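Worksheet for the structure shown next.
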Amino acid sequence: MVEVLYEKVLHEIKQGNIIDRQKKLTQKSLYSYIQEAFGVDEARHAVMEQRVDTMLAQDIYLRVEIMEAKLTGGPPADTEPEQQVLPNAFVIVYLQEKPREHHRTATVPSTHNPTWNQQFPVAVKQDTKETLIIEVFNGTNNPNKFMRALRIARKYVLSLFNPVASHAKMIGRASIPLESITSTGLISWYNLAKKKKPEPQGTIKVKFFFTSRLEKATAKQEYEQMLRCILEYELRSSSVARYWWAGKLTSEGEAILQQYTKCANLTATEQTLIAWFVYTQVHLTYPLSISLLESVLDKLCAGYDVALTTDDERERFWEGARRILPSCLSIVVKMRKRLAGDKDIVKTVSSVLQLLAKADQLATRKGANLFSDATVRTLKQMSLNCTKHSTMKDATVLAVQLGARTWFEAALSSAIEGSQSNEDKLRSLIKFVQLLQADLLRAKTYYDSVFKSVMDIDYSREICIQHEARIVSHLRPIVQTICNGFKKLTLRMDQLERRTEMESLDMSSTLFELYLILKLFIQQTDTVVQCAHNPYIIEFHQWFRGGIVYYLDMFAIKTILRVVTVLEEDDLRTGTSKDHPKCSSSTGEILEIVAQMKIFWDQLAWPDKDEMKKFLKRSIGDICSCCVVYADRLLAKVKAMEGSTVGAAGGLNSTQLATLERSLTVLSNVSILIERVARLPQELGYSQPRTSGGSTGPDEATVEKPRKTSLEQLMADEMLPIDGLTSWRDKCVRYITDHVTQTTRGLVIACGEVGLNGGSPNGNGSTVSGGLFSSKPQSSPVENVERLRHWIVQSAALLRERLTEADLHAVERDLWTALESTMDEIIRKLLEKKDSLATFQRLRDCFEQITHHYFRTLSETIACSKIAERLETFSCTTAELIQRYYLERYRQQEQLEEAENGLLTVRCWFQPDGLQLKVLRAEQLCLPKDYKHSCDSYVKISVLPPDRFGAPIPELKTKTKSKNLSPNYNESFTLKINPVQHSLKDTLLMLNVKVSELLGLSQKHIGEGFLRLDAIPVVGDASEAHEIAPVTIPLSLPYTIASYSVTALENRNHDKMASQFLKKLKQKMGIAPYTMSTLSL
4 MVEVLYEKVL
14 HEIKQGNIID
24 RQKKLTQKSL
34 YSYIQEAFGV
44 DEARHAVMEQ
54 RVDTMLAQDI
64 YLRVEIMEAK
74 LTGGPPADTE
84 PEQQVLPNAF
94 VIVYLQEKPR
104 EHHRTATVPS
114 THNPTWNQQF
124 PVAVKQDTKE
134 TLIIEVFNGT
144 NNPNKFMRAL
154 RIARKYVLSL
164 FNPVASHAKM
174 IGRASIPLES
184 ITSTGLISWY
194 NLAKKKKPEP
204 QGTIKVKFFF
214 TSRLEKATAK
224 QEYEQMLRCI
234 LEYELRSSSV
244 ARYWWAGKLT
254 SEGEAILQQY
264 TKCANLTATE
274 QTLIAWFVYT
284 QVHLTYPLSI
294 SLLESVLDKL
304 CAGYDVALTT
314 DDERERFWEG
324 ARRILPSCLS
334 IVVKMRKRLA
344 GDKDIVKTVS
354 SVLQLLAKAD
364 QLATRKGANL
374 FSDATVRTLK
384 QMSLNCTKHS
394 TMKDATVLAV
404 QLGARTWFEA
414 ALSSAIEGSQ
424 SNEDKLRSLI
434 KFVQLLQADL
444 LRAKTYYDSV
454 FKSVMDIDYS
464 REICIQHEAR
474 IVSHLRPIVQ
484 TICNGFKKLT
494 LRMDQLERRT
504 EMESLDMSST
514 LFELYLILKL
524 FIQQTDTVVQ
534 CAHNPYIIEF
544 HQWFRGGIVY
554 YLDMFAIKTI
564 LRVVTVLEED
574 DLRTGTSKDH
584 PKCSSSTGEI
594 LEIVAQMKIF
604 WDQLAWPDKD
614 EMKKFLKRSI
624 GDICSCCVVY
634 ADRLLAKVKA
644 MEGSTVGAAG
654 GLNSTQLATL
664 ERSLTVLSNV
674 SILIERVARL
684 PQELGYSQPR
694 TSGGSTGPDE
704 ATVEKPRKTS
714 LEQLMADEML
724 PIDGLTSWRD
734 KCVRYITDHV
744 TQTTRGLVIA
754 CGEVGLNGGS
764 PNGNGSTVSG
774 GLFSSKPQSS
784 PVENVERLRH
794 WIVQSAALLR
804 ERLTEADLHA
814 VERDLWTALE
824 STMDEIIRKL
834 LEKKDSLATF
844 QRLRDCFEQI
854 THHYFRTLSE
864 TIACSKIAER
874 LETFSCTTAE
884 LIQRYYLERY
894 RQQEQLEEAE
904 NGLLTVRCWF
914 QPDGLQLKVL
924 RAEQLCLPKD
934 YKHSCDSYVK
944 ISVLPPDRFG
954 APIPELKTKT
964 KSKNLSPNYN
974 ESFTLKINPV
984 QHSLKDTLLM
994 LNVKVSELLG
1004 LSQKHIGEGF
1014 LRLDAIPVVG
1024 DASEAHEIAP
1034 VTIPLSLPYT
1044 IASYSVTALE
1054 NRNHDKMASQ
1064 FLKKLKQKMG
1074 IAPYTMSTLS
1084 L
């Protein structure tokens, strides 16, 4: 049969029916092509070529191909373009002897140059004398309905005798004698003539060639054989990839097949059916494009009843469908071998599903069974357990499951291949689970929609179920073996050199990463399987129980090692950590560790709450232990750096300030750690509700006990060493207090130029026992004061900025206690030395500086202290001390509830010419106990202090009133004090009532009273004086000398003014005899 086909193709080539110069189809190239396609050598080709040349045609067909035409007829040239009507041309072909057997082309609308390229067979005999008629008609409708009706009637009558179109107007015709057509064919242009028209109406191009007569059944068989030969040859010669060929042949093969279909008069449906037979057979040995098969099947499904007319054709059709079924399911199984992002594989899978769905629908509609015994056996060889009663959906689901299982096992084997250590195995498993995640993502992105829409299959759900089952069966034993093989790890503080060894054993991060990625995978599958997880994979966290304990061991060891390392590099300065500017770098590292631990537990989300509490207790306890170790070492480092210039900026007190800054940084570090650790249990969700064992009474039920925080609960359970960290903070505050106190005390003692505790600032001994100035050279008082001032300003600013209110209060409280005792001791020493006024003044200034910058939380305590008053007093001059004494007397007078020695009534006011004073009377004068004479009294008037009014103001006194305890003086005096001077601060008017004896040679003090000058009213004119009310002053005498002013005056025995004042004071008190001193009291 192949030789017969070869001869027929060879005949068509020799006739020139296949040759096309434009497509480069020459006789030589076609000969070469068919020789290779049909497997004919040169010798055999020559024999068959000779046979074709001598072959006589019995019943032959004339093939008439109407190619194109050029029409000249039409409306006049002056017709408007919108009024021109272009012809709708079509052609009718028939033999003049057989007018009833005609063929008609399609209508080409609105053109003068129509192209048809349509071919018709015309049955003729050899050496015929017949004539072929070709007529061209215009199918344009006549716009006039009446004329159109007449034309139709006329044409109908004529059509009974002539084969012309009854509804069209002829353009022209051509008559061609068949004897003019050579046996090799002919291509020529012919004029179109018309009656009553001498000029041609156009030309038409026609192609003629002869072919042999073929039976339809034989033609189908030959075409099928020819298509198979050509297809197999082109697949072999082109080396096209599997599943890639999509129905495109070479130009030679395409031309040969087209020519044969023309000769055999095969319809498009018949060609499609034959292609299905050939493609499904060839697909077994060389897989074709699934899209091609799907498109062929789609055409056959649409015309099934028309295309498949015999039982044999229908059986062959279903056999082809069964034949490609395993191949299609194999694509579903193996589709992971190509990337899902490749559009071709996605398109292929979609075509496979479409093909399977259409075949299944057609089989259901036509009552065919796609799962024959042979098909079922083939599928079982592929591990697809289908039966004769399986549906296409069942088979596709089995293919999806098989593909997931096969890929899983192959990927896992490849992942762990060559893994020697447990660490390598864990990393391989991590990569493998990531592959599963990627597979699930590809399923959702590329395949879910097509599987759901075409086959109603939840693709992602099916592969999730398969992956989860394989994880349980393959991954669980590996993870459990590794986790159960971990041993308890311990590291003592004297074994820190083993840090490298411990780090080499660390698999905790890898194990945790595997846990997280498994957890993420299950979360991804939640939306797919919808709570239909594998029951064993839900408890996957139990596989890692031993690994979590191991992780906690490694976390504690790594934290200790990290703490030791970062503390060695820490210079105890704040601001070195960008994320934690208020602490030093080592604390920032610990906070990062705590943050990592919180992230770990948040991500772990251990489902078993009871186990989670145990893990949290252990983890928080480890963190607290590490913080306590860190705090102990931090304190030791601060003490070791005491006196060091590291971090000091230079200048005054740089070493002391650097130590203070470091200690404040340490306090800030531990405060931040305590605050962070205190929040940690709550942040981690740790809670342990307390429930009493027995029943509670009504009273107990109504009493609401204070609720403990999570950290307090942990401390109550004795699980955390946090109390050590809290006590260490108190130690740090104590250290800061001691440092500030000792430094301030030493500087104050240096300013006072005294030696305490056996030392002397002027000698080589220590000024403060254990202080900071033992080896420093002597400094001048001015330098000492400047050092103290600089220290106070800088240290106070640091303390206020860096300490909390409670800590600042504690530091200031202890500092005040030390400062108060130090000042008492210094004052006592200075008084013993009878030191100069300048020393007290310097000490007073220092104290003012200290209280100005420090002790803002002790304002009430400072206000109640006598240190400032004492220093102020001892810093005054003799005159100032005497004035301070009189001010004290005035305050005592203000506090008197009743007069002790009588009353004195006066009227006084300021007017422009001075102070006007009128002494009115005295009442109930009380004489001294040792005075035995009559009461001869007078009033002595003086202004205090006398040196504040410019020119000296003379002392004034009234006349003596004899023998009267309630004398009336009624004397007026004018003191030259202007209105400006009367408002001077702390100026007094003293009225001293005395009695004289022995003719005025001896005086006794009855009492004294005081008026503040700024309290005396001012009048603009003397006429207003009568409005001034009298003032009654209680008279009293000093009853004690327990006054800071008197003490200071007593300390100045070298000062004549002080000595005379003290003598007169004692005389007032009746302690010393009156000596007629000129010093005015």
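For the sequence shown, the numbering used here begins at 4 and goes up steadily by one.
Every residue, glycine too, gets a C-beta built ideally from N, C-alpha and C.
Since this is a predicted model, take the numbers as computed values, not measurements.
Boundaries of the beta strand (DSSP E) in which residue i is found, first to last residue
i, result
"E572", "Where E572 is concerned, there is no enclosing beta strand (DSSP E), although the alpha helix (DSSP H) it sits in stretches over 548-572."
"E926", "917-926"
"L991", "991-1000"
"P329", "No beta strand (DSSP E) contains P329, which is instead part of the alpha helix (DSSP H) from 314-337."
"F515", "Per DSSP, F515 belongs to no beta strand (DSSP E); it is in the alpha helix (DSSP H), 511-532."
"H106", "101-107"
"I172", "The amino acid at residue 172 is misidentified as Ile; the sequence shows Lys. Element bounds for K172: 172-180."
"E138", "134-141"
Buried/exposed call for residue i, threshold 16 Cβ in 10 Å
i, result
"W192", "exposed"
"G953", "exposed"
"A177", "buried"
"Q886", "buried"
"Y1042", "exposed"
"Q685", "exposed"
"L8", "buried"
"H14", "buried"
Span separating the alpha-carbon of residue i from that of residue j
i, j, result
"K1071", "T662", "58 Å"
"D605", "T729", "27 Å"
"Q53", "K17", "11 Å"
"K204", "Q122", "The residue asked about is misnamed: residue 204 is Gln in this sequence, not Lys. Cα to Cα, the separation comes out at about 23 Å."
"S671", "A753", "32 Å"
"R816", "D810", "10 Å"
"N973", "Q984", "26 Å"
"A3", "S628", "Summary: the structure shown does not reach residue 3, with the chain confined to residues 4 through 1084, and so no result is reported for it."
"P784", "E678", "45 Å"
"I563", "K434", "31 Å"
"I623", "R859", "39 Å"
"H470", "R408", "7 Å"
"N20", "L234", "21 Å"
"Y263", "A278", "14 Å"
"L521", "A559", "25 Å"
"N91", "G142", "5 Å"
"L991", "T747", "40 Å"
Contact with chain B by residue i, beta-carbon distance below 8 Å
i, result
"T562", "No chain B is part of this structure, which consists of one protein chain only."
Simplified DSSP assignment, three categories, for residue i
i, result
"L655", "coil"
"T484", "helix"
"L717", "Confidence at L717 is low in this model, with a pLDDT of 47, below 50, so the placement of that residue should be treated as unreliable; the coordinate-derived value is given next. Three-state DSSP puts L717 in a helix."
"N940", "Residue identity check: residue 940 is Ser in the sequence provided, not Asn. Here S940 sits in strand by DSSP."
"H1008", "strand"
"Q122", "strand"
Within 8 Å, strictly: CB atoms of residue i and residue j
i, j, result
"Q526", "Q440", "no"
"A362", "L300", "yes"
"P970", "R924", "yes"
"V67", "V96", "yes"
"A360", "V457", "yes"
"L3", "I944", "Examination of residue 3 is not possible in this model, given that the chain is present from 4 through 1084 alone."
"L1040", "N904", "yes"
"I739", "S666", "yes"
The alpha helix (DSSP H) enclosing residue i, as first and last residue numbers
i, result
"K1066", "1059-1071"
"L410", "Note that residue 410 is Trp in the sequence shown, not Leu. 395-419 is the extent of the alpha helix (DSSP H) around W410."
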